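A.B. asks:
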Amino acid sequence: MAKLKLALYWAASCGGCEIAQLEIGDKILKLVEAADIVFWPVAIDVKYKDVEAMPDQSIDVCLFNGAIRNSEQEHMAKMLRNKSKVMIAYGSCAHEGCIPGLANMFNRQSIFERVYLETPSTVNKEKVIPQTRYQAPEGELVIPEFYDTVKTLPQTVDVDYIIPGCPPEERTTWLALEALLSGKLPPKGTVITHNAKAVCDDCPRERNVKKVKKIYRTFEIVPEPVICLLEQGLMCAGIATRGGCGAPCPQANMPCTGCYGPVDGVIDQGAHFLNAVASVIDSNDPVEIQRIIDDIQDPVGTFYRYSLADSILRRARIK
Amino acid sequence: MSWEPKIVGFLCNWCSYRGADLAGTTRLKFAPNVKVIKVPCSTRVEPAFVLKAFQFGADGVLILGCHPGDCHYVEGNYKTMRRLPLLKKMLAQLGVEEARVRLDWVSASEGEKYAKIVNDMTEVVRALGPFQPNNKEGNNG
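Chains as they are written, first to last, in our numbering: chain A, 1 to 319; chain B, 1001 to 1141.
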């Protein structure tokens, strides 16, 4: 059998997904036995023009991580889609926007002003702001256009599978790679994980009371080791988040922040999480309810930490 | 044609929908801008319903339930009472004006209150103007 041709690419992401891909450890030897890596900017020197020269559909699988935040990333997403038989969104940024997607609370202008003019450590007397084209004495320089709105990979191109997580756990990565190598692929559109139910299904903590009088931030309390973190007033997103990660965070006393995205059938993870939090508030008094809610400093950042770009509203309205 | 506010009204089956019915049968005149969706209980209205209403072109969302203590399912409306302030706080961050979402209590005998709420909300939303979920900032390029 001919070896699989594998491409890996990164767009708006932190580089953590590349590390997660290497986390499969010595299984990488099995991978390179069965697959040739034809494009991987972080590790091998293949230029964009080399990818452009490849025939359409000549790459078997593309693992694409990172959100779409500028024109270069959109161009690469479209090109790799054309060149690849199977397109996989790898990691939360490609899947649902992730942390880069939180920039959808702002737009290009406000981000540029903050970054290039307002930050205390910036010295920019001429108030230079990036332009896409610049006429230098040596010739015209062109850089990608920065978009107002961060998009997810499925909002940009047709995506066959999703490997969720920020970054994906090693077991999730290998589950997907094994399916690829054995040719036993799930139906198109599947979010590949060990468990399609919520993180709570993997979590050993006990749930029983569901009554919260005060909401805490993680640094404010040391949680009790057995009881559900949400029931202790910590904003644990496990109840609104796809499982399969094995619930490592709640088992280490840290609330789930939601990186595996929504469970099947839920289109808006943040709204789902918000709903779950509201249901544990223990009060029938509007004033007290408001006081408890006031403990949540940043609802968008809490509920949509990974999924703002993939939410129903997708971004904040800016006047 | 001039713009008219489009308001989606989620009305609980047991109190508010009957209150709206009463407003009709007593032939009260009130604004025609609320499109009513009957729900079993105000707590059936998940936050995602409100977001979806905006996504599909609503300019405002009105949620009406039984008065606290009167819920047919004993405590459904208390859950709504906890959920809506949190949703509104989040919507405010996302640039959705607070007055576009309203929660109120209307019993089966309060036809007049229903008509007044509909009129009030229609005028409030009219003053805010059309809701554009992804305004020009939302377009790439």
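Heads up, the beta-carbon is just placed ideally off N, CA and C, and yes, glycines get one too. Quantities reported herein were computed from a predicted structural model and do not represent experimental measurements.
Whole alpha helix (DSSP H) runs in the segment 1013-1082 of chain B with 4 or more residues, listed along the chain?
C.D. replies: 1016-1025, 1047-1055
A.B. asks: Would you list the residues sitting across from R108(A) in a DSSP beta bridge?
C.D. replies: For the purposes of this step, residue 108(A) is taken as the residue at position 108 of the first sequence. BP columns for R108(A) are empty, so no partner.
A.B. asks: Under a three-way DSSP split, which group does M1090(B) fall into?
C.D. replies: For this step, residue 1090(B) is matched to residue 90 along the second sequence. Three-state result, M1090(B): helix.
A.B. asks: Along the segment 1079-1099 of chain B, what residues have a CB closer than 7 Å to any CB found in chain A?
C.D. replies: K1079, M1081, R1082, R1083, P1085, L1086, L1087, K1089, M1090, Q1093, L1094, G1095, V1096
A.B. asks: On the CB-based measure, 16 or more other CB atoms within 10 Å of its CB, does K197(A) come out buried or exposed?
C.D. replies: As a working mapping, residue 197(A) is identified with position 197 in the first sequence. Exposed: under 16 other Cβ atoms inside 10 Å.
A.B. asks: Going by alpha carbons, who is nearest to I318(A) out of G97(A), Y116(A), N104(A)?
C.D. replies: Counting from one through the first sequence, the residue named residue 318(A) turns up at place 318. Comparing Cα positions, the closest option is N104(A).
A.B. asks: Compare the C-alpha of A276(A) against each of L29(A), K211(A), T218(A) and name the closest.
C.D. replies: For the purposes of this step, residue 276(A) is identified with residue 276 of the first sequence, where counting begins at 1. Here the closest residue by C-alpha is K211(A).
A.B. asks: Name the residue from N70(A), E72(A), S71(A), V51(A) whose alpha carbon lies nearest to the alpha carbon of C62(A).
C.D. replies: Taking the first residue of the first sequence as 1, we reach residue 62(A) at position 62. Out of N70(A), E72(A), S71(A), V51(A), V51(A) has the C-alpha closest to the C-alpha of C62(A).
A.B. asks: Could you give the distance in angstroms between the alpha-carbon of F39(A) and the alpha-carbon of I1037(B)?
C.D. replies: Here the question's residue 39(A) lines up with position 39 in the first sequence. Here the question's residue 1037(B) lines up with position 37 in the second sequence. The alpha-carbon atoms of F39(A) and I1037(B) are separated by roughly 52 Å.
A.B. asks: Whole angstroms is fine: what's the gap from D26(A)'s alpha carbon to M235(A)'s?
C.D. replies: Within the first sequence, numbered from 1, the residue matching residue 26(A) stands at position 26. Within the first sequence, numbered from 1, the residue matching residue 235(A) stands at position 235. Spanning the two alpha carbons is a distance of roughly 36 Å.
A.B. asks: Are three or more beta carbon pairs between the segment 209-226 of chain A and the segment 89-107 of chain A nearer than 8 Å?
C.D. replies: no
A.B. asks: So, is the C-beta of K1029(B) closer than 7 Å to a C-beta in chain A?
C.D. replies: Looking up residue 1029(B) in the second sequence gives position 29. It does not: the Cβ of K1029(B) has no partner Cβ on chain A nearer than 7 Å.
A.B. asks: Please compile the residues from chain B whose C-beta is within a distance smaller than 8 Å of the C-beta of Q290(A).
C.D. replies: Taking the first residue of the first sequence as 1, we reach residue 290(A) at position 290. By Cβ distance, chain B contributes P1085.
A.B. asks: Closer than 9 Å, Cβ to Cβ, to anything on chain B: give me those residues from the segment 256-277 of chain A, in chain order.
C.D. replies: V266, I267, D268, G270, A271, H272, L274, N275, V277
A.B. asks: For G1009(B), which residues does DSSP report across the bridge?
C.D. replies: Here the question's residue 1009(B) lines up with position 9 in the second sequence. G1009(B) pairs with V1036(B), L1062(B).
A.B. asks: Please state whether the Cβ-Cβ distance between K83(A) and I59(A) is less than 7 Å.
C.D. replies: Position 83 of the first sequence, counted from the first residue, corresponds to residue 83(A). Position 59 of the first sequence, counted from the first residue, corresponds to residue 59(A). Taking 7 Å as the Cβ cut-off, K83(A) and I59(A) qualify as a contacting pair.
A.B. asks: According to a CB-to-CB cut-off of less than 7 Å, which residues of the segment 81-110 of chain A neighbour chain B?
C.D. replies: Here the close residues are N107.
A.B. asks: Who pairs with D1104(B) in a beta bridge, going by DSSP?
C.D. replies: One-based indexing of the second sequence puts residue 1104(B) at position 104. Looking at the DSSP assignment, D1104(B) forms a beta bridge with L1064(B).
A.B. asks: Does G1048(B) come within less than 7 Å of chain A when only Cβ atoms are used?
C.D. replies: Position 48 of the second sequence holds residue 1048(B). Note on identity: in this sequence residue 1048(B) is Ala, with Gly being the wrong assignment. So yes, A1048(B) belongs to the interface.
A.B. asks: Please compile the residues from chain B whose C-beta is within a distance smaller than 8 Å of the C-beta of A316(A).
C.D. replies: Position 316 of the first sequence holds residue 316(A). Within 8 Å Cβ-Cβ: Q1093, L1094, G1095.
A.B. asks: CB-CB under 8 Å to G16(A), same chain, minus the five flanking residues each way: which ones, in chain order?
C.D. replies: Counted from its first residue, the first sequence places residue 16(A) at position 16. Only G91, C166, P167 meet the Cβ criterion.
A.B. asks: How is the beta strand (DSSP E) around G16(A) delimited, first residue to last?
C.D. replies: Working through the first sequence from its first residue, we reach residue 16(A) at position 16. Per DSSP, G16(A) belongs to no beta strand (DSSP E); it is in the alpha helix (DSSP H), 16-22.
A.B. asks: Rounded to a whole number of angstroms, what is the C-alpha to C-alpha distance between V1070(B) and N1077(B)?
C.D. replies: If you number the second sequence from 1, residue 1070(B) lands on position 70. If you number the second sequence from 1, residue 1077(B) lands on position 77. The question names Val, yet the displayed sequence has Asp at residue 1070(B). D1070(B) and N1077(B): Cα-Cα distance of roughly 8 Å.
A.B. asks: For the segment 145-174 of chain A, list the beta strand (DSSP E) runs that are entirely contained and at least 3 residues long, ordered along the chain.
C.D. replies: 146-151, 161-163
A.B. asks: Name the one or two DSSP bridge partners that S84(A) has.
C.D. replies: Position 84 of the first sequence holds residue 84(A). According to DSSP, which records beta bridges pairwise, S84(A) is partnered with I59(A).
A.B. asks: Would you identify the three-state DSSP class for L1128(B), choosing helix, strand or coil?
C.D. replies: Indexing the second sequence from 1 puts residue 1128(B) at position 128. Reduced to three states, the DSSP call for L1128(B) is helix.
A.B. asks: Can you check DSSP and say which residues form a bridge with V212(A)?
C.D. replies: Along the first sequence, one-based indexing puts residue 212(A) at 212. The partner list for V212(A) (beta bridge, DSSP) reads I281(A).
A.B. asks: Tell me whether the beta-carbon of D271(A) lies closer than 7 Å to the beta-carbon of C256(A).
C.D. replies: Along the first sequence, read from residue 1 onward, the residue named residue 271(A) stands at position 271. Along the first sequence, read from residue 1 onward, the residue named residue 256(A) stands at position 256. Note that residue 271(A) is Ala in the sequence shown, not Asp. It is not a contact, given that the beta carbons lie outside the stated cut-off.
A.B. asks: Per DSSP, which one or two residues make a beta bridge with R317(A)?
C.D. replies: The sequence position of residue 317(A) within the first sequence is 317, counting from 1. Its beta-bridge partners do not exist; DSSP assigns none.
A.B. asks: Exposed or buried, what is W1003(B) when buried is set at 16 or more other beta-carbons lying within 10 Å of its beta-carbon?
C.D. replies: The count along the second sequence starts at 1 and reaches residue 1003(B) at position 3. Exposed: under 16 other Cβ atoms inside 10 Å.
A.B. asks: Exposed or buried, which one is T304(A) when buried takes at least 16 other CB atoms within 10 Å?
C.D. replies: Locating residue 304(A) in the first sequence gives position 304, where the first residue counts as 1. The amino acid at residue 304(A) is misidentified as Thr; the sequence shows Tyr. Y304(A) is buried by the Cβ-count criterion.
A.B. asks: Among residues of its own chain, excluding the 5 on either side of E405(A), which ones have a beta-carbon nearer than 7 Å to its beta-carbon?
C.D. replies: An answer regarding residue 405(A) cannot be provided, because it is not within the stretch 1 to 319 covered by chain A.
A.B. asks: Tell me, to the nearest whole angstrom, how far the beta carbon of R133(A) is from that of E140(A); I am working on the premise that it is less than 8 Å.
C.D. replies: Along the first sequence, one-based indexing puts residue 133(A) at 133. Along the first sequence, one-based indexing puts residue 140(A) at 140. The pair is a contact, with the Cβ atoms about 6 Å apart (cut-off 8 Å).
A.B. asks: Run through the DSSP bridge pairs and tell me what I68(A) is partnered with.
C.D. replies: In the first sequence, the residue the question calls residue 68(A) occupies position 68. Answer is K151(A).
A.B. asks: If you run the structure through DSSP and keep just helix, strand and coil, what is V115(A)?
C.D. replies: Mapped onto the first sequence, residue 115(A) falls at position 115. DSSP places V115(A) in helix when its eight states are reduced to three.
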